[in-house]
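Residue numbers (my numbering): 142 to 473.
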């Protein structure tokens, strides 16, 4: 991740409150997380503006479905330390059946500044919160949660981070053909980013119905959902391949046979632990360009920091901390 003058995604000039849609009622044990929410006009608090030392919260939760997340925690903690904010990231392993209770506890704990959300919860948690930011409304997935005056608001920063990571790698999306593997929250954010520039986007997932729902929700008409049986043809047909599945995060296996890759491919594996997955290694061995998810993690963390604190993220310090952590893992 070379230093960069970080390109900025387009932002709205409207206030955060005016850009948030509230939802009610919140799902409870008698109201499943899968039920749809109805619109409400309840006002929501703005995120704070400036003054990191004035943020009266000490805990940021990292909510995921499995152990890990040390790199993300290192990134966030470095930001808090550089900004003089008395807060630390605490990882929480939450099973899907426990998610509603975890959200309720988060809402009740005034020490919680917010949360970073990882798979497999990014889609499900969007139905358990008090409101959603504009990107989260469209993508229907949440990776960042803010806690303001007892209200939990969900945001999506993966979408802009995906675009910024490709820009930093020097890859131009306009007119490209793309294949996205997976249909979860990261896949949704990736597809939403791609649809503004890519010519055709195909989505392939173990669950074809989820792929169809993703394409329907995001209005993908050129390309669309594809069964796994067509994967070998699609891989050879597209220019950009995005792995938004967990396949390879244990250092073993790839989402498809490496032999299908061509030197003309650009492979974006969203996995960042380990930094060199079998897919990334295999793509490079076959002459293709391949990047991992570390830059996306960085840009996501910078955007989330600004949402949580209301002040500019200390990019240099956060980038350096992430690079040190990665180098430490590679040398151990």
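C-beta: ideal position from N, C-alpha, C; glycine also.
query	result
CB of residue 220 within 8 Å of CB of residue 437, strictly	no
6 Å CB neighbourhood of residue 364 in its chain, flanking five on each side removed	341, 342, 343
Inter-stretch contact (C-beta, 8 Å, three-pair minimum) for the segment 402-409 and the segment 439-448	no
Pairwise C-alpha distance: residue 443 and residue 213	11 Å
CB contact flag (residue 445, residue 385, <8 Å)	no
Residue 470 to residue 415 span [Cα, whole Å]	9 Å
Ranges of the alpha helix (DSSP H) found wholly within the segment 244-330, counting only runs of at least 4	275-280, 299-309
Residue 343, enclosing beta strand (DSSP E) - first and last residue	341-345
Counted within 10 angstroms of its Cβ, other Cβ atoms place residue 452 as buried (16 or more) or exposed	buried
Residue 367, enclosing beta strand (DSSP E) - first and last residue	364-367
Cutoff 7 Å; reference residue 218; Cβ partners in own chain excluding five residues on either side	229, 230
Contact between the segment 287-302 and the segment 232-252 (3+ Cβ pairs under 8 Å)	yes
Nearest to residue 383 (by Cα), restricted to the options 335, 267, 206, 275	335
Residue 299, buried or exposed, once every other Cβ within 10 Å from all chains shown has been counted against 16	buried
Residue 297 beta carbon less than 8 Å from that of residue 280	yes
Local conformation of residue 349 per DSSP, three classes	helix
Any non-hydrogen atom of the ligand NAD within 7 Å of residue 324 CB	As for the ligand NAD, it is missing from this structure, which has no ligand bound.
Same chain, Cβ closer than 7 Å to residue 397, neighbours up to 5 away in sequence not counted	372, 376
The alpha helix (DSSP H) enclosing residue 431, as first and last residue numbers	Where residue 431 is concerned, there is no enclosing alpha helix (DSSP H), although the beta strand (DSSP E) it sits in stretches over 430-432.
Where the alpha helix (DSSP H) containing residue 447 begins and where it ends	435-450
The segment 263-272 contacting the segment 427-435, beta-carbon criterion three pairs below 8 Å	no
Rounded straight-line distance, which links the Cα of residue 403 to that of residue 266	38 Å
Nearest-angstrom Cβ-Cβ length linking residue 314 and residue 332, presumed shorter than 8 Å	At roughly 12 Å, the Cβ-Cβ gap does not stay under 8 Å, so residue 314 and residue 332 are not in contact.
Distance CB(residue 346)-CB(residue 324) smaller than 8 Å	yes
Opposing strand residues paired with residue 203 [DSSP bridges]	232, 257
Residue 374, enclosing alpha helix (DSSP H) - first and last residue	372-378
Bridge partner(s) assigned by DSSP for residue 478	Nothing about residue 478 can be read from this structure; the chain reaches only from 142 to 473.
Given residue 207 as reference, the closest of 246, 239, 260, 240 once Cα atoms are compared	260
Which of helix, strand or coil DSSP assigns to residue 185	With a pLDDT of only 35 at residue 185, under 50, the local geometry of the prediction cannot be trusted, and no value is derived from it.
Pairwise C-alpha distance: residue 278 and residue 191	For residue 191, the predicted structure reports a pLDDT of 38, less than 50, and the residue's modelled location is therefore unreliable. The matter cannot be settled from this model.
Sub-8 Å separation of residue 368 and residue 349 beta-carbons	yes
Continuous alpha helix (DSSP H) stretch holding residue 397: start and end	Residue 397 -> no alpha helix (DSSP H), and no H or E assigned at all.
Under 8 Å between C-beta atoms of residue 339 and residue 317	yes
Helix, strand or coil at residue 393 according to DSSP, with G and I counted as helix	coil
Expected contact under 8 Å - CB spacing of residue 434 and residue 399 to nearest Å	Not a contact, Cβ separation roughly 19 Å.
For residue 416, the first and last residue of its enclosing alpha helix (DSSP H)	Taken as a continuous stretch (DSSP letters only), residue 416 belongs to no alpha helix (DSSP H), as it is neither H nor E.
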